[in-house]
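Numbering of the sequence shown is given in the UniProt record's numbering, commencing with residue 1 and proceeding in unit increments.
Cβ coordinates follow ideal geometry from the N, Cα and C atoms, glycine included.
Predicted, not measured: the structure shown is a model, and the values here were computed from it.
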Amino acid sequence: MQTIGWDDFQRVELRAGTIVAVDEFPQARKPAYILTVNFGDEIGLKRTSAQITSLYNKTDLVGRQVVGVVNFPPKQIGPMMSECLITGFYRPDGAVVLAVPDQAVADGAKLA
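Structure, rendered in structure tokens:
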């Protein structure tokens, strides 16, 4: 594992946000959803794709808070432009478990 300095960590904007919309993403190479996440007034809405279809259905995701990196440059993923990265953990079977706050926080709250 490569170590990083405190300054490196501070440059990563990990923020809490609430999923406000979930759409199918049939053009993705692996099963995925397109998520629209509200990161609060300062950051606003951002879209991304997430390969979380094996553990989560669309209706259970809307209204759920997640943790996302909001200061990556936009990245083209098939026909959509990803504007953030939602964080999660890989299980041995390849499924992704979302990293989430264990209590409600304000959208846009920064991970300390």
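For the beta strand (DSSP E) containing residue 24, name the first residue and the last one.
Segment 14–24, the beta strand (DSSP E) holding residue 24.
Please check the pair residue 124 and residue 68, which I expect to be a contact at CB under 8 Å, by giving their CB distance rounded to whole angstroms.
Any property of residue 124 remains undetermined from this structure, which presents the chain solely from 1 to 112.
Using a Cβ-Cβ cutoff of less than 8 Å, which residues in the same chain neighbour residue 106 once the five nearest sequence positions on both sides are dropped?
Excluding residues within five positions, the ones whose Cβ falls inside 8 Å are 16 and 40.
For residue 32, which residues of its own chain have a beta-carbon under 7 Å away from its beta-carbon, when the five flanking residues on both sides are left out?
Once the five neighbours on either side are set aside, the close Cβ partners of residue 32 are 25, 49, 50, 51 and 53.
Grouping DSSP H, G and I as helix and E and B as strand, with all else coil, what is residue 59?
In this structure, residue 59 counts as helix in the three-state DSSP scheme.
Give the C-beta separation of residue 19 and residue 45 to the nearest angstrom, bearing in mind that I take them to be a contact with Cβ-Cβ under 8 Å.
So it is not a contact: roughly 11 Å between Cβ atoms.
Which class does residue 89 belong to by DSSP, given the choice of helix, strand or coil?
Correct three-state label for residue 89: strand.
Note down, in chain order, each residue of its chain lying with its Cβ closer than 6 Å to the Cβ of residue 21, except the 5 sequence neighbours on either side.
Counting only Cβ-Cβ distances below 6 Å, and skipping sequence neighbours, we find 36.
Is residue 90 near the ligand FAD, going by C-beta to nearest heavy atom under 6 Å?
For the structure depicted, the ligand FAD is absent and the ligand set is empty, with no information on it obtainable.
Can you give the Cα-Cα distance for residue 61 and residue 55, rounded to whole angstroms?
Spanning the two alpha carbons is a distance of roughly 10 Å.
Does the separation of the CB atoms of residue 99 and residue 88 fall below 7 Å?
Yes; because the gap between Cβ atoms is below 7 Å, this pair is in contact.
With distance defined between alpha-carbon atoms, name the residue in 76, 77 and 86 nearest to residue 64.
Considering only alpha carbons, the answer is 86.
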